[in-house]
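Let me begin by presenting the structure, written as structure tokens, before commenting on it.
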Amino acid sequence: MTDTLTRRRSTEEIARSRPAWQRRLTSDRAARLTFYVVAFLFWIALAGLFERIPGPPSVVDSLVEEFRRGEVFGNFADTFYRFGIGVALSVGVGILVGVVIGLSPMARAFLESPVLVGLSIPAIMWAFLTVMWFGFGHTSPIVTTFLTAVPFVILNVAQGVQGVSRDLRDMSSSYGVPLGRRVRELVLPAVAGYVVAGLRFAVIMGWNGVLLAEWFGGSGGAGYRARFWYDANQFAGFAAWVVLFVGVIIILDQLLLERLSRRMFRWRDATH
Amino acid sequence: MARPVIEAPPTTPAGTWLEGEELARRAAARTRRKRLALLVAGWAAMLGIWQVAAYYLPFGTLPNPLEVSVEMWEIVASGALVSDFLASVLKTFAGFGVAVLIGAPVGYLMGRYGYWRAFFLDGVTVAGTIPALTYAVLSLIIFGLSNLGPVLAVALVSTPYVALNVAEGIRGVDQNLVKMSQAFGRSPQQIRREVFIPTIVPYLFAAVRMSFAVAWKVEALTEVFGGTNGVGFQIRTRYQLFDITGVIAWMALFIVFMLLIERLLLRKLEQRVLAWRPEERAAR
Amino acid sequence: MAVLTVNDLCKTFGAGTARSNRVLDHISFDVRGQTFVSVVGPSGCGKSTLLNIISGVETHTSGDVSVTSDEGRPARLGYVFQDPRLLPWRTVRKNMLYVQDKDDDQARRRVSTYLDMVGLGQHGDFFPGQLSGGMQQRVGIARAFAVEPDLLIMDEPFSHLDAITARGLRAQLQDIWAQSRKTVVFVTHDVVEAVELSDRIIVLQPGGRIFEDIPIDLPRPRRQSDPAVATLQAEVLARLEKMKAITPQAATAV
Chain A
1 MTDTLTRRRS
11 TEEIARSRPA
21 WQRRLTSDRA
31 ARLTFYVVAF
41 LFWIALAGLF
51 ERIPGPPSVV
61 DSLVEEFRRG
71 EVFGNFADTF
81 YRFGIGVALS
91 VGVGILVGVV
101 IGLSPMARAF
111 LESPVLVGLS
121 IPAIMWAFLT
131 VMWFGFGHTS
141 PIVTTFLTAV
151 PFVILNVAQG
161 VQGVSRDLRD
171 MSSSYGVPLG
181 RRVRELVLPA
191 VAGYVVAGLR
201 FAVIMGWNGV
211 LLAEWFGGSG
221 GAGYRARFWY
231 DANQFAGFAA
241 WVVLFVGVII
251 ILDQLLLERL
261 SRRMFRWRDA
271 TH
Chain B
1001 MARPVIEAPP
1011 TTPAGTWLEG
1021 EELARRAAAR
1031 TRRKRLALLV
1041 AGWAAMLGIW
1051 QVAAYYLPFG
1061 TLPNPLEVSV
1071 EMWEIVASGA
1081 LVSDFLASVL
1091 KTFAGFGVAV
1101 LIGAPVGYLM
1111 GRYGYWRAFF
1121 LDGVTVAGTI
1131 PALTYAVLSL
1141 IIFGLSNLGP
1151 VLAVALVSTP
1161 YVALNVAEGI
1171 RGVDQNLVKM
1181 SQAFGRSPQQ
1191 IRREVFIPTI
1201 VPYLFAAVRM
1211 SFAVAWKVEA
1221 LTEVFGGTNG
1231 VGFQIRTRYQ
1241 LFDITGVIAW
1251 MALFIVFMLL
1261 IERLLLRKLE
1271 QRVLAWRPEE
1281 RAAR
Chain C
2001 MAVLTVNDLC
2011 KTFGAGTARS
2021 NRVLDHISFD
2031 VRGQTFVSVV
2041 GPSGCGKSTL
2051 LNIISGVETH
2061 TSGDVSVTSD
2071 EGRPARLGYV
2081 FQDPRLLPWR
2091 TVRKNMLYVQ
2101 DKDDDQARRR
2111 VSTYLDMVGL
2121 GQHGDFFPGQ
2131 LSGGMQQRVG
2141 IARAFAVEPD
2151 LLIMDEPFSH
2161 LDAITARGLR
2171 AQLQDIWAQS
2181 RKTVVFVTHD
2191 VVEAVELSDR
2201 IIVLQPGGRI
2211 FEDIPIDLPR
2221 PRRQSDPAVA
2231 TLQAEVLARL
2241 EKMKAITPQA
2251 ATAV
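Chains as they are written, first to last, in the numbering used here: chain A, 1 to 272; chain B, 1001 to 1284; chain C, 2001 to 2254.
As structure tokens, this is what we get:
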């Protein structure tokens, strides 16, 4: 009978077998850096492969050129004005309708279909229709932003309100917690996170909506300017605008809303 | 006359247990009828608002529901529907296939290894925030007027969803099952096949269903910009002819069709693959 | 001949940091073949950590652990956990085959045999979600025996079950063990259970040291109603009480 010994390695042995430089190379920071380098190389490779894709130098050139011409700030001011009003309206209306749906099953039955239909209508439809209705101007992008964003806000808020646990509500009423404090301590904290989630959706959807409406609207704005270069077959100019409006939405979403959302959902994520 | 101190309860209590059940069932049926009535009222209100808006908006800019439904019927009757729908659906699914092929492995890596999570997270987050318009135009720039444009746009839009959902699924894997497998000396391949992949399948379905709603819109959008066939191509053609009735009719048909695919096809597939889940068995 | 050798084993969580926590402190013991050994101790004495190290799920900080197998192949381990830990998407039979090294006729026969032994011969094609908690745990036990392990590790397998189910399963475990005579390391906080099942009891004290190593020399099968069993149980409990008096940390536990 031949015996075999199955030995288990101890942590000390394993640590000795893995040098420090290896650990540094596999750190999170190194991984992110590697990603950016790889993505950049990928872009250069794509630009080399397809002649229609502009490479980094020509995009930077166009970007500088647009800034020099003073096209950037004016157009973004227009876009932000429309986007801001549209998103503000959709958040206001969305919270109102969302709360009503969340509280009353009957309101839910009534409003469910309109919200679902609203969710499934593409932004391009609203862009087409509002341009026909309101012509070229601020109204079409504002309404498009509002209409594409509002169903998402409603959905999220309604979900949040429904999620306020019935048990907690019963607990509060059995302890006789006054209404004001109940709203402040129970409903608002529970719903706030969902409102922020809805706001994030509204911002991402609305941003697409406003750009589309401007693309077809022809009354200035970032979307209009991007189309100008696209129509002129100057893809570097188009790409410069893509960099701008992708940059803006990422700053808005990641730096502002993501932080806000993490703050609002702190209680939920603390458990795991 | 002395007034009773305790008034009679508003409903007489059920005499027997069975009677109580009967009452409860009747109440449930009443609620259901009320729900249905409200659902119909919701649709009626929607169509009503549309009708009123069509009446007040300048002539020709918004057809009323009747005109649109007549147009929808004509499109269906003419048979143009089948070829264009088929084209759009095929492109959507092709893009989807690419998204799953790329997104699922990326999500798997992100869920399993800290290094790959850090590597991909920024890219996936950014890709998920980019407006659909960008993807549509970008795909056109790369492929010009061809069927590959919409496929690429769908793939670009759906991949981040798939990756994030799969990563979430992997992170939610039951660590106890992994430890069990290790304790019994299972190989990493076996653990992958028997523990990780079955865990992520529900998440994959959720991702597919979630991103499907976005994907077909992007597909149509790309066709509007530069398709050579498909629903979006039809919509653009009608738009260029200022035929708003046609635009809305095509869109409405497409919405109905895509919702049907989403609800019926994907849901059925999901039920079949996830037969082991108690809630799926109950649903069948 | 020793199947399991543990020599000078230490485990420190978060070693080298301010919050380092030593849970096993220079532990040494051997387990001979075909014996049933229980490891008993209050919660937090490092029992589960010890099992995880033996099974290779966790690494130890220093010292030596080895499992011996015959026939020149790597040691095979069987494991029964507190919870059943079955793959919910596989049937009972597939779950048991999953941990077999080869999916051949022999393995299938073993699976059927042990499934019959735990009284679930008719349930091979059920999904775990369709079985009760006690039945699932029986599948877990059958699964562990069916790999014909060199060493079978059981981590408080009955602690999540109600008292009556647990009692039935203990009797069943004794029968299966009597037939198969696998080497078992059984962890529990329940001294009564340990006395009923094992040939030897290793008592761990808080801080992760061996307090006592008690041989249990009683004829099998043992039943709760047997006065000899009850006497010995009382005696072991009394010794544990003594441990509480000596080590102040243990006073809160047990």
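C-beta: ideal position from N, C-alpha, C; glycine also.
Please read all numbers here as calculations on a predicted model, not as lab measurements.
Might you give, ordered along the chain, the residues of its own chain that have their beta carbon closer than 7 Å to the beta carbon of A/V91, omitting 5 neighbours on each side?
-> Within the same chain, Cβ atoms closer than 7 Å to the Cβ of A/V91 are found at V153, L199 and A202, the five residues on either side in sequence being excluded.
Close Cβ partners of C/Q2100 (< 8 Å) along its chain, the five nearest in sequence each way excluded | Here the set comprises A2107, R2110, V2111, A2146 and V2147.
Boundaries of the alpha helix (DSSP H) in which B/E1219 is found, first to last residue | I1197 to G1226 is the extent of the alpha helix (DSSP H) around B/E1219.
Can you find a C-beta in chain A that's less than 8 Å from the C-beta of B/T1061?
-> Yes - at least one Cβ of chain A is within 8 Å of the one on B/T1061.
Using a Cβ-Cβ cut-off of less than 8 Å, list which residues of the region 2054-2065 of chain C approach chain A; keep chain order.
-> Among the residues of the region 2054-2065 of chain C, those with a Cβ less than 8 Å away from any Cβ of chain A are I2054, G2056, T2059, H2060, T2061, S2062, G2063, D2064 and V2065, in the order of the chain.
Could you tell me if C/I2246 is buried or exposed, where buried requires 16 or more neighbouring beta carbons within 10 angstroms of its beta carbon?
-> Exposed.
What is the DSSP secondary structure of B/I1049, reduced to helix, strand or coil?
-> Looking at B/I1049 - three-state DSSP - the assignment turns out to be helix.
Alpha carbon to alpha carbon, what distance is there between B/V1173 and B/L1221?
-> Each residue's alpha carbon lies about 37 Å from the other.
Segments assigned alpha helix (DSSP H), at least 4 residues, entirely inside the region 63-126 of chain A = Entirely contained in the region 63-126 of chain A, the alpha helix (DSSP H) runs reaching 4 residues are, in chain order, 71-103 and 105-120.
Are the C-beta of A/T34 and some C-beta of chain B separated by less than 8 Å?
-> By this cut-off, A/T34 is an interface position.
Is the shortest distance between the beta-carbon of A/S113 and the beta-carbons of chain B less than 8 Å?
-> Output row for A/S113: interface = yes.
Paired residues, beta bridge with C/C2010 - DSSP | Under DSSP, C/C2010 forms a beta bridge with C/S2062.
Bridge partners - B/E1270, DSSP secondary structure assignment | Looking at the DSSP output, B/E1270 shares a beta bridge with no other residue.
Interface flag, B/M1046 vs chain A, CB-CB below 8 Å | Chain A contact via Cβ: present.
Check the Cβ-Cβ distances between C/V2139 and every residue of chain B, and say whether any is below 8 Å.
-> By this cut-off, C/V2139 is not an interface position.
Partners in chain B for A/P122, counting only beta-carbon separations shorter than 8 Å | Those within 8 Å of A/P122 in chain B are K1217, A1220, L1221 and M1251.
What's the call for C/I2164, buried or exposed, on a 16-neighbour Cβ count within 10 Å?
-> Looking at its Cβ environment, which holds fewer than 16 other Cβ atoms inside 10 Å, C/I2164 is exposed.
Pull up the CB-CB distance for A/L46 and A/I53, whole angstroms please, since I reckon it's below 8 Å.
-> Between A/I53 and A/L46 the Cβ distance is about 5 Å, and since that is below 8 Å, they are a contact.
Which chain C residues are close to B/P1198, counting only those with a beta carbon under 9 Å from its beta carbon?
-> Per Cβ cutoff of 9 Å: L2087, P2088, W2089 and R2090.
Runs of beta strand (DSSP E) wholly within the region 2146-2226 of chain C (minimum 3 residues, chain order) | The qualifying runs are 2151-2155, 2184-2188, 2200-2205 and 2209-2215.
Contacts around B/V1364, its chain only, beta-carbon distance under 6 Å, and the 5 residues preceding and following it disregarded = No answer is possible for residue 1364 of chain B: the residues shown for chain B start at 1001 and end at 1284.
Beta-ladder partner(s) of C/A2002, from DSSP | Residue pairing from DSSP places C/A2002 in a beta bridge opposite C/R2032.
Determine the direct distance from the alpha carbon of A/V161 to that of A/V187, and round the result to whole angstroms.
-> Across the structure, A/V187 and A/V161 are spaced so that their CA atoms are roughly 7 Å apart.
Do B/Y1203 and B/G1169 have their CB atoms nearer than 8 Å?
-> Yes, the pair counts as a contact, with Cβ atoms nearer than the cut-off.
Own chain residues within Cβ distance below 8 Å of A/N75, not counting five before or after | Once the five neighbours on either side are set aside, the close Cβ partners of A/N75 are G220, G221, A222, Y224 and R225.
Name the chain B residues whose beta carbon is nearer than 9 Å to that of C/F2081?
-> Those are N1176, K1179, M1180 and A1183, listed as they occur along chain B.
Excluding the five sequence neighbours on either side, which residues of its own chain have a C-beta within less than 6 Å of the C-beta of B/T1159, listed in chain order?
-> Cβ within range, chain order: A1099, I1102 and G1103.
Rounded C-beta distance between A/I249 and A/W207? I'm assuming under 8 Å.
-> Contact between A/I249 and A/W207 holds, with the beta-carbon distance rounding to 5 Å and staying under 8 Å.
Output yes if chain B places a C-beta closer than 8 Å to the C-beta of C/Y2114; else output no.
-> No Cβ of chain B is located within less than 8 Å of the beta carbon of C/Y2114.
Smallest Cα separation from B/F1212: which of B/G1149, B/V1178 and B/Y1161?
-> Proximity to B/F1212 across B/G1149, B/V1178 and B/Y1161 peaks at B/Y1161, based on C-alpha coordinates.
Close beta carbons around B/A1087, own chain, < 7 Å, minus the five adjacent residues each side | Here the set comprises N1229 and G1230.
Grouping DSSP H, G and I as helix and E and B as strand, with all else coil, what is B/M1001?
-> With a pLDDT of only 40 at B/M1001, under 50, the local geometry of the prediction cannot be trusted, and the value read off the model is given with reservation. Residue state, collapsed to three classes: coil.
CA nearest to the CA of A/V97, picked from A/Q22, A/A158 and A/L119 | Cα-wise, what sits closest to A/V97 is A/A158.
The region 1120-1136 of chain B in contact with the region 1061-1078 of chain B per 3-pair CB rule at 8 Å | Short answer: they don't touch.
Within the chosen definition, does the region 2024-2042 of chain C reach the region 1256-1266 of chain B through at least 3 CB pairs nearer than 8 Å?
-> Fewer than three Cβ pairs drawn from the region 2024-2042 of chain C and the region 1256-1266 of chain B lie within less than 8 Å of each other, which leaves the two stretches out of contact.
Along the region 1157-1170 of chain B, what residues have a CB closer than 9 Å to any CB found in chain A?
-> Cβ contacts with chain A come from no residue of the region 1157-1170 of chain B.
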